[in-house]
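These notes are about the structure you will find just below.
Right, here's the structure in full:
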């Protein structure tokens, strides 16, 4: 486009003044063929390509074995990601074959995956890492269904049932940070979050794959534009309107000034024009049947209607012309076909001279093809048998329709915001393979219980099912430890380019920087944020700062202190670095403080440290650490990880395990704070020193305290046992930097094989505290017991047991 002299002068003037150009000049100066584009603050086309290894920490092969298992016969080979040949183990050990009925067999091959972590890092690692080859071997991901956190009011809180009461668990710091990243700057941060993830999902999809994105009135306009930009308008498939049975936008009364919002939107987009689509049919309504299928065959009682046989378009469409029952027309059938239909009694002439018609029986039709308005699927009510207590849970019928429409049996279906696990549950029931991921430990735990329940039901029904494994993301790079402070945002010029920062003071404690590159500025800010974070934690822990250590930050009462990252869990690699420095500098007592620890980390790592003469204490940083008043009053309590006590029962060559004690040390609010803030006639539930307490204030202001967790088992939601832990090494495929080849490496960890489990459900709150007896060959075994508490946090204990012999 040719610029006028006035426009040229205006552009030069703005550039000389170092001012942004108006948007109109972007299209005049640059060859941008996009007529419509979604623009938000900080928009960038950069997408992470980091590859982190997946650590398999648990595998569920059997949904609670009902027959004894020969523990010594468990497979001794390493567990390789991509090698899940369970039938090989069955063939090798005849005793174990008894566990597999002829009905409801464990399928071999692909093992379903439930992954805990940031889905951006998960998606990038799936796309660019070694697991991609395993996915492609299975045909790639054919369908992605996501229900991202589109509710700006959501905060990752969870309602937990304690007897007849309900306790609201506040989000942990990792979840709060995720919420901040999603909604910290309103729509801008939500769009930036979902845009990068959708790009990664698109790249992961198979060429004939598609994606369904669930949203509501809050963000559906943004989501549609983002999907158009990522997948292209040509790959738009459908905008589905799902009518709920209840209103989700406030209470609507006679005085309301808006209509109730009782619908959600589901956008369907494809990777290419070759996407999978299977028509889904609904049964005919009785009204439809009565209106159209008016005739009944007297000999069979079958209902039918009459349909025209006239060929549309006549001779122009090549339809044959001939006489039938005295009527000459262009027909849709050949004469031979017409004679065959007449022989079968399917041609009807209602009266002489009328055009003959063909019988179409009601029972021959598939039904009515589903349209884009879905008003026949109800939401989950309070009495639903599917309910898991998860706030955003969707009905299984909704996912069943989507999965049937856009995938086939044995296809991989994925959900990277899996929540309570509805997508994996339905995929398993429909014979699909699946991948599920979520940031919340509670979501992973809820999905684990749900999938075990699905496995149990499928086995009971004599249907096949697949094993699933739970994975962590490990080996986080330091750059991911501390998020960049919200006060630092890249400046975007009129052409959409990130500008260089000038004359910006990072904060009051850092030096002013001039003319720094964005990368250098970001590096300095990350360093300062890390220092501030560590200083805050050490002050709350009442520890002194130390220098000249790689891993340690403070000391307290003769113990050295290491502080974990603010926005990621402490991983095995993190602790291994600490152990290494301990051995180098002869440190024997260490406290590790963290908001979160990766699943399956302890007690293995503590036992490893103990064998090297190191006393390793792992402590949770409480969320109250950011309350300055609580710090000044020395009210911050860093609680230990949970503690398990078990008792083995050995009878000849069989063993059972009894859970005898479980201790937790959580704190969320205090009794005194709750009592001070309560109004008369109100109550509140708090967690103090490992007890859940209901604090009530009567109409006269009298405060009472009722401990809801009366017994230690009240804290347990789930527990499971591996009767021969350390029999399956965790092997990962990594790239050899020297040769460039992929090689198998033992991580030093073992996979917990979930052989027996008991857990509470919404319908059944009981819990078994002793396993059934399991037969073993004589010998010494390491038995692992895993407990998941009502908050979704897991703890494991390993005991040595001798079986058989004299």
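Numbering (the numbering used here), first residue to last: 2 to 807.
Backbone N, C-alpha and C define an ideal beta-carbon position, used for all residues, glycine too.
Just so it is clear, the structure is predicted and the values come from calculations on it, not from any experiment.
Report task. Could you have a look at residue 81 and say whether DSSP puts it in helix, strand or coil? Result -> A caution first: residue 81 carries a pLDDT of 37, below 50, which makes its placement in the model unreliable, though a value can still be read off. Residue 81 falls in the strand class under three-state DSSP.
Check your understanding: What distance in whole Å lies between the Cβ atoms of residue 610 and residue 580, which are believed to be in contact at a cut-off of 8 Å?
Key -> With a Cβ gap of about 5 Å, residue 580 and residue 610 count as contacting.
Per DSSP, what kind of secondary structure is residue 213 in: helix, strand or coil?
In this structure, residue 213 counts as strand in the three-state DSSP scheme.
Exercise. How many Å lie between residue 389 and residue 643 at the Cα?
Worked result: With a pLDDT of only 49 at residue 389, under the threshold of 50, the placement of this residue in the model should not be trusted, and no figure is reported.
Assigned exposure category for residue 801 - 16 Cβ within 10 Å defines buried | With fewer than 16 other Cβ atoms from the protein chains shown falling within 10 Å of its own Cβ, residue 801 counts as exposed.
Between 166, 401, 192 and 197, which has its C-alpha nearest residue 124's C-alpha?
Closest option to residue 124, Cα to Cα, is 197.
With residue 146 as the anchor, note down where its beta strand (DSSP E) starts and where it stops.
-> Taken as a continuous stretch (DSSP letters only), the beta strand (DSSP E) holding residue 146 covers 142-147.
Just verifying my parser: in three-state terms, what is the DSSP assignment at residue 662? In this structure, residue 662 counts as strand in the three-state DSSP scheme.
query = What residue from 715, 698 and 233 has the CA that sits closest to residue 203's CA?
reply = Closest by alpha carbon: 233.
Pick from 591, 710 and 427: whose alpha carbon is nearest that of residue 166? The residue with the shortest Cα to Cα distance from residue 166 is 710.
Evaluate residue 298 with the Cβ neighbour count: other Cβ atoms within 10 Å of its Cβ, from every protein chain shown; 16 or more gives buried, anything less gives exposed. By the Cβ-count criterion, residue 298 is exposed, with fewer than 16 other Cβ atoms from all chains shown falling within 10 Å of its own Cβ.
Worksheet item: By DSSP, does residue 587 sit in helix, in strand, or in coil?
Response: Correct three-state label for residue 587: coil.
### Per DSSP, the bridge partner or partners of residue 644
Per DSSP, 664.
> Can the beta-carbon of residue 1 be found closer than 7 Å to that of residue 657?
Replying inline: Residue 1 lies beyond the residue range present for the chain, which begins at 2 and ends at 807; the question has no answer from this structure.
Is it buried or exposed, residue 340, if we count other Cβ atoms within 10 angstroms and call 16 or more buried? Exposed.
For the candidate residues 794, 364 and 653, whose alpha-carbon lies nearest to that of residue 720? Across the set 794, 364 and 653, the C-alpha of 794 shows the shortest separation from the C-alpha of residue 720.
Please tell me whether residue 224 and residue 238 are closer than 7 Å, where the distance is taken between their beta carbons.
The Cβ atoms of residue 224 and residue 238 do not sit closer than 7 Å to each other.
For this session: For the region 599-624, list the beta strand (DSSP E) runs that are entirely contained and at least 3 residues long, ordered along the chain.
Result: Contiguous beta strand (DSSP E) elements confined to the region 599-624 occur at 616-621, taking only those with 3 or more residues.
Under 8 Å: do the region 436-449 and the region 417-428 share three or more Cβ pairs, one atom per stretch? Contact between the region 436-449 and the region 417-428 is present: three or more C-beta pairs spanning the two stretches fall below 8 Å.
Note to self: Taking 7 Å as the threshold (C-beta atoms), are residue 665 and residue 716 in contact?
What the structure shows: Yes. Within cutoff.
Between the CA atoms of residue 51 and residue 525 - distance to the nearest angstrom: Residue 525 and residue 51: Cα-Cα distance of roughly 21 Å.
Residue 368 vs residue 284 beta-carbon contact at 7 Å
In this structure, residue 368 places its C-beta atom within 7 Å of the C-beta atom of residue 284.
Within this structure, are the beta carbons of residue 734 and residue 131 separated by less than 7 Å? If you check the CB distance, residue 734 and residue 131 come in under 7 Å.
* Residue from 188, 201 and 140 with nearest C-alpha to residue 43 -> The option with the nearest alpha carbon to residue 43 is 188.
Check: Between residue 469 and residue 115, what straight-line distance do the alpha-carbon atoms span, to the nearest angstrom?
Finding: Cα-Cα distance, rounded: 7 Å.
- How many angstroms separate the CA atom of residue 727 from the CA atom of residue 61? Looking at the two C-alpha atoms, the distance is approximately 15 Å.
- [ ] Determine the DSSP secondary structure at residue 554, reduced to helix, strand or coil.
- [x] Of the three classes helix, strand and coil, the one that applies to residue 554 here is coil, per DSSP.
Between the region 429-448 and the region 408-418, do three or more beta carbon pairs fall short of 8 Å?
-> With the cut-off at 8 Å, the region 429-448 and the region 408-418 touch.
Practice problem: Just tell me which of 731, 376 and 698 has its CA closest to the CA of residue 263. | Solution: With distances taken between Cα atoms, residue 263 lies closest to 376.
Practice item. Could you tell me whether the region 778-792 touches the region 736-747, using the rule of 3 or more Cβ pairs below 8 Å? Key: Output reads no: the region 736-747 does not touch the region 778-792.
- Query: Based on the DSSP output, what are the partners of residue 117 in its beta bridges?
  - Reply: DSSP output for residue 117 lists 439 and 473 as bridge partner(s).
>> Taking the straight line between their C-alpha atoms, what separation do you get for residue 488 and residue 39?
In response: In this prediction, residue 488 has a pLDDT of 28, which is less than 50 and means its spatial position is unreliable; nothing more can be read from the coordinates.
Legend entry - Segment limits, alpha helix (DSSP H) that includes residue 293: From DSSP, the alpha helix (DSSP H) with residue 293 extends over 287-293.
In this structure, how does DSSP classify residue 310 when only helix, strand and coil are distinguished? Looking at residue 310 - three-state DSSP - the assignment turns out to be coil, as it is neither helix nor strand.
Of all the options 573, 261 and 629, which has the alpha carbon lying nearest to the alpha carbon of residue 608? 573 is the residue among 573, 261 and 629 whose C-alpha sits nearest the C-alpha of residue 608.
| query | Does the pairing of the region 11-24 with the region 689-699 give three or more beta-carbon distances under 8 Å? | reply | Two segments are said to touch when three or more pairs of C-beta atoms, one from each, lie closer than 8 Å; by this definition the region 11-24 does not touch the region 689-699.
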